[in-house]
Each structure stands twice: as structure tokens, then as C-alpha cells.
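Here's the structure, in C-alpha cells; my notes come after.
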Amino acid sequence: KILIIDFGSQVTQLIARRVRESGVYSEIVPFNKAAEVLADFNPAGIILSGGPNSVNGIEAPQAPEEIFTMGVPILGICYGEQLMCQQLGGKVSLSEEKEFGRAFIDIKADCALFEGVWAKGESHQVWMSHGDKVVELPEGFIVTATSGNAPYAAIADEARKFYAVQFHPEVVHTPDGARIIANFVHKVVGLKGDWTMASFKETAIDTIRKQVGSGRVICGLSGGVDSSVVAVLLHEAIGDQLTCVFVDHGLMRLNEAEEVVTLFRDHYNINLIHKDVADLFLGKLEGVNDPEKKRKIIGGLFIDVFDAEAKKIGGADFLAQGTLYPDVIESVSFTGGPSVTIKSHHNVGGLPARMKMDLVEPLRELFKDEVRELGRELGLPEAFIRRHPFPGPGLAIRIPGDITPEKCDILRKADDIYLQEIKLAGLYDTIWQAFAVLLPVRTVGVMGDARTYDYVCALRAVTSTDGMTADYFHFDHEFLSRVSTRIINEVRGINRVVYDITSKPPGTIEWE
Ligand code: XMP
4 KILIIDFGSQ VTQLIARRVR ESGVYSEIVP FNKAAEVLAD FNPAGIILSG GPNSVNGIEA
64 PQAPEEIFTM GVPILGICYG EQLMCQQLGG KVSLSEEKEF GRAFIDIKAD CALFEGVWAK
124 GESHQVWMSH GDKVVELPEG FIVTATSGNA PYAAIADEAR KFYAVQFHPE VVHTPDGARI
184 IANFVHKVVG LKGDWTMASF KETAIDTIRK QVGSGRVICG LSGGVDSSVV AVLLHEAIGD
244 QLTCVFVDHG LMRLNEAEEV VTLFRDHYNI NLIHKDVADL FLGKLEGVND PEKKRKIIGG
304 LFIDVFDAEA KKIGGADFLA QGTLYPDVIE SVSFTGGPSV TIKSHHNVGG LPARMKMDLV
364 EPLRELFKDE VRELGRELGL PEAFIRRHPF PGPGLAIRIP GDITPEKCDI LRKADDIYLQ
424 EIKLAGLYDT IWQAFAVLLP VRTVGVMGDA RTYDYVCALR AVTSTDGMTA DYFHFDHEFL
484 SRVSTRIINE VRGINRVVYD ITSKPPGTIE WE
């Protein structure tokens with residue numbers, strides 16, 4: 004296994020992810036804990052991450068000296084390169100020009116790290132992000148690649164199996180980066196690569212058991228991928244010590260609540276409290292038009308209901324949450340500046356700190372696609388795993404203006420028809436998210452020989468990789484006609500259908 008020593012880079016988890024992708028287990032440890040874990044962990048290889056500091060700064064984070072004498076291969080990345088040089092007797096200085104973004108490196112020597120990927124004499128694109136640079140190599144090292152601004156873009160001491168790069172092989176902007184990391188793991192360290200999501204599951208179950216002991220765990224379940232995976236994983240780990248609470252706010256899609264209850268209670272046999280509080284939510288939302296007010300009301304009520312249910316079962320020692328790695332990075336965003344709140348997000352998993360329970364967050368290291376993979380490993384049905392994201396406040400933010408039970412029913416039917424057609428056309432998995440919106444506008448139409456005066460339904464579908472930016476989906480017109488005809492014929496209350504062709508930005512994916 005590989006030990007990754009973290010010096011505070013924003014992308015350290017990506018290193019772990021690349022190592023996982025190469026089929027090898029790794030763990031990340033903060034630099035100040037590294038010395039402690041070394042002996043126990045017994046790593047086959049070590050990777051030193053990047054970091055925001057300068058190696059020449061006061062109190063610059065250091066790597067434990069003993070890693071350089073253990074006979075273990077080491078890969079230093081960015082700060083890791085500089086640190087390795089400095090701790091082994093080389094020199095690092097502040098660069099006149101900083102180098103950020105795409106750069107090209109020239110390969111000067113073949114080495115095990117580049118084997119089968121890059122060869123001497125070639126030039127390749129990499130991603131750089133550094134202010135300092137190495138100016139003098141420690142003994143035993145040679146330069147294996149240079150760039151305009153980094154004469155030591157890659158260096159190697161093949162005898163000791165020490166390698167270091169100034170660029171970031173872990174990010175996708177270094178197109179061959181994943182193969183370089185795989186080379187370190189397979190060719191330099193010599194690990195086989197037989198670790199899989201199944202092994203992750205086993206390790207996660209062990210970790211949960213150790214953390215929880217005989218304690219009781221409570222978990223909010225929404226039917227979304229993340230909370231579903233957390234619930235099933237915890238259930239495998241600790242069985243009946245887990246209780247899930249499904250706060251059913253009545254703003255779910257057609258049949259969704261029943262599906263959640265059937266799957267988790269009947270199929271998985273999980274202790275599930277299904278709290279039907281539709282009346283409470285719809286009551287408090289009556290006459291509320293402002294999107295932010297809706298979000299705040301729903302978020303607040305959710306916590307109240309969850310709290311009350313937790314008390315009823317006599318409380319719990321732990322709260323399980325489906326926090327993913329991207330949530331972790333976003334919450335420690337290093338821009339630090341005050342950013343404008345576009346929307347107050349309500350997440351079923353994200354309960355506030357005032358609930359004084361320790362957190363169990365078994366997905367903290369994973370990215371969304373890895374969570375899906377883990378879900379498959381746990382036997383969750385594909386329909387749950389591939390389901391489009393659904394916002395915590397549910398249909399409330401897809402009904403601009405005031406919300407009534409009648410409008411919810413109309414929207415549910417239209418949305419269901421739209422999604423049926425998308426699935427029939429084989430487009431569901433190509434689209435990031437698709438849903439119907441019920442506008443608070445009524446327009447005149449004619450059906451049969453009669454005048455109608457009914458609501459407008461807007462259809463939304465977007466492609467995206469992370470929900471941060473999105474493009475509207477380009478349906479063919481035949482498809483849109485089919486959906487429009489079906490909705491108007493089958494859903495009483497709607498007589499006009501429009502398609503939203505706004506991208507994000509400037510629009511957002513949801514309408515509120
Ligand atoms: P926007 O509308 O901000 O949405 O472009 C980006 C993604 O986030 C989802 N979304 C939410 N998810 N709680 C959630 O769990 C929320 O309050 C929330 N608001 C938006 C949205 O569906 C899209 O996938």
C-alpha cells in the first residue's frame with residue numbers, strides 16, 4: 004500500500020483517487036502525523052503532495068527524515084519535489100516568474116516513472132502551479148524533464164527510487180498524469196494493482212465498526228444515491244445499531260416515497276422511520292413565494308422533524324452523513340473571500356453542528372462516480388444508482404410562486420411523463436438532470452372546441468459534469484413534440500409546454 008503525505012494541497016485527494024484507479028490501496032496522512040503512522044502503516048511507497056507553503060518559509064511543513072532512509076520509493080509532487088530536494092541537500096528558491104496552468108515539458112531522460120508513456124526527446128502537456136522552484140539538485144539526482152520556467156520539471160534518483168515532479172500529474176489537465184502515477188505504483192514500487200471497490204467496502208466496514216463500537220447511529224435517508232449508499236453500507240457494518248429517518252416532506256417525485264420505503268425497509272430490512280409530514284411542510288409553505296424563504300422553511304422544518312424523531316428513539320451516539328470529497332473541498336475553499344449566496348442549499352445529509360453527535364462519514368474520500376461504484380458493490384438497484392440528482396427541497400423549488408397540493412400533483416404527473424419518454428429514448432444516462440417545472444402562469448388554449456385556461460409547464464434538461472456549470476440538452480424536435488402532446492393530453496391543468504434553453508451560467512439548473 005501507498006502512504007500519501009499531505010502538505011495541504013487542494014488536490015491531494017486526487018492523488019489518492021489516481022492510486023485507487025491503478026488498483027492499489029492508499030491512505031492520506033497530514034504531514035504532522037506522518038512520523039507517528041510510519042511504522043504501523045509500513046508503506047511500500049510514499050507520495051509527497053503539493054502544498055501552499057514555501058519550503059523556505061518559517062515553519063515550512065517537513066517530511067519525517069526517516070522516509071528517506073527506509074529504502075522505500077518516493078514520489079514528490081510540486082511542494083513535495085521542493086521539500087525532497089531541500090531535505091536531501093539541494094536548493095530551492097523563489098521563482099521570478101510563477102508558473103500557473105498549462106505548460107509543456109521536454110523529456111530529457113528516460114526513467115521508470117515515464118516508462119511506456121513519455122520518451123526522451125518528446126514534449127508533453129502538463130499542469131503547473133508553483134512559485135518556488137528547485138535550483139540545485141541533491142546528490143544522485145538527474146533531470147528527466149524541463150519546462151520553460153522549471154529547469155527541474157522532473158527529476159530522478161533511480162538508484163534510491165526517488166522521483167519528483169514540479170507539475171501535477173494527479174489533475175486531468177496533465178493528460179498522461181494518471182499513467183505516470185500508475186507507473187510509480189506498478190513499475191517503481193512494484194505493486195500489482197488488485198485492489199478494487201470491493202476492498203474499499205471491506206475496509207470501510209471495518210473502519211465503521213471500529214469507530215462506532217456498540218453505539219447507535221442515526222442517518223437521514225432521502226433515496227438519493229449518497230444517503231442510500233451510506234445507509235446500506237452502515238447496515239452491512241452494524242445492522243440494527245442503525246436507524247434511518249426518512250423525512251417525507253411530500254415534495255418528492257411520483258411514487259418516490261413508496262419506492263424508498265419498499266427498498267430500504269422491506270428489501271434491506273433496515274430500521275426505517277418513515278415520517279410522513281407532507282401536511283406540516285405544505286402548511287408552512289402556504290402562500291410563500293420567495294425562493295429563499297421556501298428553502299429556509301424546508302431546511303428548518305427538516306431539522307426539527309429529524310431532531311424530534313431522534314429523541315423519540317432515545318437519541319443516538321453517531322450521525323451518519325453522505326459527505327463526499329467534493330463537499331469537503333468546497334467547504335474549505337481557499338479563496339477565503341466572502342462569496343455571495345446564490346441559493347441556501349438544504350441537504351438531507353447535512354445536519355447542523357448543534358446536533359451533538361459524532362459524525363460517521365464513510366464517503367468522505369470518494370467522488371460521485373466512485374460512490375455509484377460502491378453502490379453497485381453493495382447491490383443497490385441500478386435505478387437508484389444512476390438516478391439524476393434531486394434537490395433536498397424537492398418540488399418546492401420547481402413550482403415558482405405559491406405551492407399547493409394540487410400543483411404538486413400536476414407537476415408530479417408531468418415530470419413522470421417527461422422522464423418516461425427520456426428513458427424510452429435512451430437518453431436518461433446522457434443527461435445530467437431532467438425535470439419539469441410548473442409555472443405560476445396560466446395561458447389560454449383550445450382543446451376540442453373548448454377554451455382552456457391552464458398552467459404552463461417548462462421542461463428542463465442539462466448536461467454537466469459536476470453541476471457547477473451546465474449546458475441545456477439539445478433534444479430533437481420530434482422528441483419535444485411527443486412529450487408536449489402527452490403532457491397536455493394526459494395531465495389535467497396544463498395546456499402549454501415550453502423548453503428551457505438556458506445554460507448555467509447565466510441560469511441555474513433549478514428555477515429557484
Ligand atoms: P443549481 O440550481 O444551483 O443546482 O444550478 C445545482 C445542482 O444542485 C442541486 N440543488 C440542490 N441539491 N439541496 C440539494 O441537495 C439543495 O438545496 C439544492 N439546490 C439545488 C440541483 O438539483 C443541481 O443538481
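Quick note: the sequence shown uses UniProt numbering, first residue 4, plus one each step. The beta-carbon is built from N, C-alpha and C at its ideal position, and this holds for glycine as well. No experiment lies behind these values; they were computed from the predicted model shown.
For residue 467, the CB contacts under 8 Å within the same chain, skipping 5 residues up- and downstream, are 435, 436, 473, 474, 507 and 512 in chain order. Proximity of the stretch 4 to 13 to the stretch 26 to 40 meets the contact definition, three or more beta-carbon pairs being nearer than 8 Å. Relative to ligand 1, residue 325 has its C-beta separated by 7 Å or more from all heavy atoms. Per DSSP, residue 101 is one residue of the beta strand (DSSP E) stretching across 94 to 110.
In the same chain as residue 163, and ignoring 5 residues on each side of it, the C-beta atoms closer than 7 Å to its own belong to 143, in chain order. The alpha helix (DSSP H) runs of length 4 or more contained entirely in the stretch 367 to 409 are, from start to end of the chain, 371 to 380 and 385 to 388. Annotation for residue 200: 376, 377 and 380 place their beta carbon closer than 6 Å to its own, counting only its chain and skipping 5 residues before and after. Under the 8 Å Cβ criterion, the stretch 208 to 227 does not count as touching the stretch 181 to 189, having fewer than three qualifying pairs. Judged by DSSP in its simplified three-state form, residue 445 adopts strand.
Relative to residue 135, the option among 469, 152, 120 and 304 whose CA is nearest is 152. Closer than 7 Å to some heavy atom of ligand 1: that describes the Cβ of residue 350. Residue side-chain check: residue 298 places its Cβ nearer than 7 Å to a non-hydrogen atom of ligand 1. In the three-state scheme derived from DSSP, where H, G and I count as helix and E and B as strand, residue 26 is classed as coil.
In the displayed model, residue 88 falls within a helix according to three-state DSSP. Residue 116: not part of any beta strand (DSSP E); DSSP gives it neither H nor E. Residue burial annotation: residue 68 is exposed, with fewer than 16 other C-beta atoms found within 10 angstroms of its C-beta. With a cutoff of 7 Å, residue 507 counts as near ligand 1, since its C-beta is closer than that to a heavy atom of the ligand. DSSP lists 462 as the bridge partner or partners of residue 502. Distances taken from the Cβ of residue 346 to the heavy atoms of ligand 1 include one shorter than 7 Å.
The beta carbons of residue 226 and residue 263 sit closer together than 8 Å. For the set 252, 166 and 230, the Cα lying nearest the Cα of residue 396 is the one of 252.
Our two residues, residue 110 and residue 469, have alpha carbons roughly 34 Å apart in a direct line.
Buried is the label assigned to residue 301, since at least 16 other Cβ atoms lie within 10 Å of its Cβ. Under a 10 Å Cβ-count criterion, residue 35 is classified as exposed, with fewer than 16 other Cβ atoms of the shown protein chains found around its own Cβ. The beta-carbon separation of residue 370 and residue 327, rounded to 7 Å, stays under the 8 Å limit for a contact. Leaving aside the five residues that flank residue 424 on each side, the residues in its chain whose CB is nearer than 8 Å to its CB run, in chain order, 482, 485, 486 and 489. By the Cβ-count criterion, residue 123 is exposed, with fewer than 16 other Cβ atoms from all chains shown falling within 10 Å of its own Cβ.
Distances taken from the Cβ of residue 513 to the heavy atoms of ligand 1 include one shorter than 7 Å. Take residue 323, set aside five residues on each side of it, and the residues of its chain with a beta-carbon closer than 6 Å to its own are 220, 222, 233, 237 and 363, in chain order.
Under the criterion of beta carbons closer than 8 Å, residue 497 and residue 458 qualify as touching, at roughly 5 Å. Taking C-beta atoms under 8 Å as the contact rule, residue 145 and residue 112 qualify, at a distance of about 6 Å. The criterion of a C-beta distance shorter than 8 Å is satisfied by residue 51 and residue 10. The beta carbon of residue 76 lies closer than 6 Å to those of 48, 164, 191 and 192 in the same chain, with the five residues before and after it left out. Taking a C-beta distance under 8 Å as the contact criterion, residue 403 and residue 443 qualify as a contact pair. With fewer than 16 neighbouring CB atoms inside 10 Å of its own CB, residue 265 falls in the exposed class. In this structure, residue 321 sits away from residue 277, with a CB-CB distance that is not shorter than 8 Å.
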